[in-house]
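Q:
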Amino acid sequence: NLTIRSMDFNVKLTIFAEESRRYLCFNKKWKLVGSKKFRGPMCEFFEDMVNNAYNRYRSAANETYFVGFNRRGRPLRGDLARQKGYHREKCLNFIKMDAGFNIPHHNQKLAGGNHSRAVLAKAPLKVKSRHSQKNVSPRHRQKNHHRNKKLS
Numbered sequence: 169n170l171t172i173r174s175m176d177f178n179v180k181l182t183i184f185a186e187e188s189r190r191y192l193c194f195n196k197k198w199k200l201v202g203s204k205k206f207r208g209p210m211c212e213f214f215e216d217m218v219n220n221a222y223n224r225y226r227s228a229a230n231e232t233y234f235v236g237f238n239r240r241g242r243p244l245r246g247d248l249a250r251q252k253g254y255h256r257e258k259c260l261n262f263i264k265m266d267a268g269f270n271i272p273h274h275n276q277k278l279a280g281g282n283h284s285r286a287v288l289a290k291a292p293l294k295v296k297s298r299h300s301q302k303n304v305s306p307r308h309r310q311k312n313h314h315r316n317k318k319l320s
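This note's numbering applies: residue 169 is where the sequence shown begins, and numbers increase by one.
Pasting the structure below:
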């Protein structure tokens, strides 16, 4: 889990990993690294709100550099001007989450405690049997998946 906090009452934020006890920083080559020491503006970020409550984190040392990760969780390199395309844009967007927030409890509280049971009673779980596909190769299963669906 990452903790985002302000060092004082300014708009610059730090991103701190509690478990590894490291700050998220840019090094001299603008690569994202985890630093045990706080290194000033290289470890400070501005928070920008973008589409639909997503956040982006911009370097306080050079505002063209953003925090971003690829699909595999590896840090992106380079500034935003060189990062083009829809997938790159998505890799710069973050959503804040409270890990302690219990969504099912919240939903049940809003529904008065009875809603979830009523919905479950009306919509029973459907379990698809895999016995019919046992002797079929995975390639055929994937290729002919549309034939396996039953029409209602």
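The C-beta atom is built at its ideal place from N, Cα and C for all residues, glycine as well.
For L181 and L192, which I take to be in contact (beta-carbon distance under 8 Å), what is that distance rounded to the nearest angstrom?
A: Numbered from 1 along the sequence shown, position 13 holds the residue referred to as residue 181. Numbered from 1 along the sequence shown, position 24 holds the residue referred to as residue 192. That pair is no contact at about 10 Å.
Q: Whose C-alpha, out of S203, R207, Y225, C211, is nearest the C-alpha of K264?
A: By 1-based counting over the sequence shown, the position of residue 264 is 96. Closest by alpha carbon: Y225.
Q: DSSP state of A221, grouped into three classes?
A: Position 53 of the sequence shown, counting from 1, holds the residue named residue 221. Helix, per DSSP.
Q: Would you call G236 buried or exposed, if buried means 16 or more other Cβ atoms sit within 10 Å of its Cβ?
A: Taking the sequence shown and counting its residues from 1, one reaches residue 236 at position 68. G236 is buried by the Cβ-count criterion.
Q: DSSP three-state label for C153, please.
A: Within the shown structure, residues of the chain are numbered from 169 to 320, placing residue 153 beyond reach of any answer.
Q: Whole angstroms is fine: what's the gap from M210's alpha carbon to A279's?
A: As a working note, residue 210 is residue 42 in the sequence shown. As a working note, residue 279 is residue 111 in the sequence shown. Each residue's alpha carbon lies about 46 Å from the other.
Q: Have a look at R139 and A229 and give me their C-alpha separation to the nearest angstrom.
A: A query on residue 139 cannot be resolved here, the shown segment of the chain reaching from 169 to 320 and no further.
Q: Which one or two residues does DSSP pair with A185 in a beta bridge?
A: The count along the sequence shown starts at 1 and reaches residue 185 at position 17. For A185, which the question treats as bridged, DSSP gives the partners L170, R190.
Q: Look at the alpha carbon of R190 and the alpha carbon of G202, and state the distance between them as a whole number of angstroms.
A: What you label residue 190 is simply residue 22 of the sequence shown in a count that begins at 1. What you label residue 202 is simply residue 34 of the sequence shown in a count that begins at 1. Across the structure, R190 and G202 are spaced so that their CA atoms are roughly 5 Å apart.
Q: For the beta strand (DSSP E) holding L278, just list the boundary residues, first then last.
A: Within the sequence shown, numbered from 1, the residue matching residue 278 stands at position 110. Run containing L278: none in the beta strand (DSSP E); it sits in the alpha helix (DSSP H), 271-278.
Q: If I measure Cβ to Cβ from S188 and keep anything under 7 Å in the same chain, skipping five residues before and after, which residues do I get?
A: Along the sequence shown, read from residue 1 onward, the residue named residue 188 stands at position 20. Contacts found: G202.
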